[in-house]
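The numbers in the numbering used here rise by one with no breaks, and the one at position 215 of the sequence shown is 211. Beta carbons are placed, not taken as given, at the ideal position from N, Cα and C, and that holds for glycine. Worksheet for the structure shown next.
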Amino acid sequence: MRLLLSCLLCAVAFALSTWQVLGSGPLVRWDEDLGVALRHASPSTVPAEALSDIGNMAVALPLLAAAMALRLLAGRGHGWWPVLCCALAMGAMAVVVSLVKAWTDRTGPLGGSGYFPSGHAATTTVALGGAVLLLSGLLSRPGRILAWVAAALLTAGNGLGLVWRGYHWPLDVAASWCLGVLLLGAVAAVARPWHLPHGTPAAGDDRTAPEPEGAGRADTDPPGADEPATEPQDGPRQT
């Protein structure tokens, strides 16, 4: 239910921002004022540029590919369905971003056109989120929390870097985040990527470990079951 609600909210936010960009509504003016203020308050060029580069295909795609490979290795080749869904989500992201860019044709902070939504922000969101989804079944609970926090921080940092460097307006980045959540939500609903193939235990999960020999005998064996037999050892055992 929470996943559905999150996807619905992101769909509404993406549609609203697209409508505002097409109609040059008041949200666009506030967005541009915020973008100018953030750009003036940006840190030095080096960290801002490094954060914006997270969304480069040469950075994000190898990260997702590594997660796909690890998932396939962990599933001994049987975990291909979540991997395929993540690959399709990345492809769908590229198609949707290209179409909406051509439709809205928004001018960027430093000139040019076709800046809404941000392809770099969408790539970062889908690549990092997809990687965490694929590997979540291999991680312990603290590991999953840490992975999601790291992915969220890197995604937010990438968005800030794009705005600081004047590559995008804040609304371009926010719309891409909404699109990324929609695609990741579809992957989570269709593929259930945290479910490992049968017989593959998750990290830190000892529920599949074999029960120690003799475990539970105290609760199931009748009293005296372990006492030595009183019959002669060379005689037939009575039944």
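Using a Cβ-Cβ cutoff of less than 8 Å, which residues in the same chain neighbour residue 117 once the five nearest sequence positions on both sides are dropped?
Cβ neighbours of residue 117 beyond the five flanking positions: 51, 151, 154, 155, 158, 164, 168, 169, 172, 173 and 176.
What three-state label does DSSP hand residue 105 in the structure shown?
Three-state result, residue 105: coil.
Near residue 236, which residues of its chain fall below 6 Å by C-beta distance, leaving aside the five closest residues on each side in sequence?
This structure gives no information on residue 236, because the portion of the chain shown stretches from -3 to 235.
Identify whether residue 135 lies in helix, strand or coil by the three-state DSSP scheme.
If DSSP states are grouped into helix, strand and coil, residue 135 belongs with coil.
Sorted by chain position, which residues of the same chain lie with C-beta nearer than 6 Å to residue 3's C-beta, five sequence neighbours on each side aside?
The residues are 178 and 181.
Taking residue 130 and residue 147 to be in contact with their CB atoms under 8 Å, please state how far apart those CB atoms are, rounded to whole angstroms.
Actually they do not touch by this definition, with Cβ atoms about 12 Å apart.
Since residue 27 is in the alpha helix (DSSP H), which residue starts that stretch and which ends it?
22 to 36 is the span of the alpha helix (DSSP H), which, as asked, contains residue 27.
Does residue 115 come out as helix, strand or coil in the three-state DSSP assignment?
Of the three classes helix, strand and coil, the one that applies to residue 115 here is helix, per DSSP.
Could you give the distance in angstroms between the alpha-carbon of residue 61 and the alpha-carbon of residue 89?
The straight-line gap from Cα to Cα measures roughly 16 Å.
With a threshold of 16 other CB atoms inside 10 Å of the CB of residue 47, please say whether the residue is buried or exposed.
It counts as buried.
If you draw a straight line from the alpha carbon of residue 161 to that of residue 37, how long is it in whole angstroms?
Using only the alpha carbons, I get a separation of about 11 Å.
Any beta carbon from chain D within less than 8 Å of residue 7's own beta carbon?
Of the protein chains in the structure, only one exists, and it is not chain D.
For a test of the three-state rule: what should DSSP assign to residue 154, helix, strand or coil?
Three-state DSSP puts residue 154 in a helix.
Assuming residue 14 and residue 96 are in contact, meaning their beta carbons sit under 8 Å apart, how far apart are those beta carbons, in whole angstroms?
That belief holds up - the Cβ atoms of residue 14 and residue 96 are roughly 7 Å apart, short of 8 Å.
Report all residues from its chain with a CB closer than 6 Å to the CB of residue 102; omit the five preceding and five following residues, and keep chain order.
Result list for residue 102: 17, 111 and 112, in chain order.
Please state whether the Cβ-Cβ distance between residue 166 and residue 21 is less than 8 Å.
Taking 8 Å as the Cβ cut-off, residue 166 and residue 21 do not qualify as a contacting pair.
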